[in-house]
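Going by my numbering, the residue at position 64 of the sequence shown is 64; the numbering climbs one at a time, nothing skipped.
Worksheet for the structure shown next.
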Amino acid sequence: MLQRLRGRPVVRAAGGVVVRPGPEVLVVHRPKYDDWTFPKGKAEPDETDEECALREVEEETGLRCLLEDELRATRYRDSRGRPKVVRWWRMSVDRGEFEPNREVDEIRWLRPDAAAALLSYERDLPLLDVLRG
1 MLQRLRGRPV
11 VRAAGGVVVR
21 PGPEVLVVHR
31 PKYDDWTFPK
41 GKAEPDETDE
51 ECALREVEEE
61 TGLRCLLEDE
71 LRATRYRDSR
81 GRPKVVRWWR
91 MSVDRGEFEP
101 NREVDEIRWL
111 RPDAAAALLS
121 YERDLPLLDV
131 LRG
């Protein structure tokens, strides 16, 4: 994966599009940003992107998940103007329960159209294609 983009270090992140039968997708509310998005976060230097995705989903939601298909990555500039690449995986829940925390105070399981209406970032919308036939 690219480590630099036009001379600037790339912020490496990963996350999960967690799904369950319905189909429904999990979206999270982050009080720090007052936004609705999918669970994700920055990778630690010593972990793979897959490990990062699983760790971040569990830290933010309390749900231990199973990796399924890799989805398309999103690329954008973060709030500090740094280039950021987020790798995404479709995931299913293995076990666990949500408990509100500092990073995520609410989750919702939504049908794709309801999730599309709630998501705060247009860049998240193509990830819903995994639920549409």
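Beta carbons are placed, not taken as given, at the ideal position from N, Cα and C, and that holds for glycine.
None of the values given here were measured: they were computed from a predicted structure.
As for any alpha helix (DSSP H) of minimum length 4 sitting wholly inside the segment 71 to 127, the runs are 112 to 118, ordered along the chain. Residue environment: LEU54 is assigned as buried (16 or more neighbouring CB atoms within 10 Å of its CB, all protein chains considered).
Comparing alpha-carbon positions, the option among TRP36, PRO31 and VAL130 lying closest to ALA117 turns out to be TRP36. For the pair of segments examined, the segment 121 to 128 was found not to touch the segment 55 to 70: the number of CB pairs separated by less than 8 Å stays below three. Contact check for TRP89 and LEU110: beta-carbon distance about 19 Å, past the 8 Å limit, so the pair fails to qualify. Under the three-state reduction of DSSP output, THR48 falls in the coil class, being neither helix nor strand.
Residue pairing from DSSP places LEU67 in a beta bridge opposite MET91.
According to DSSP, residue pairing for LYS32 in a beta bridge does not occur.
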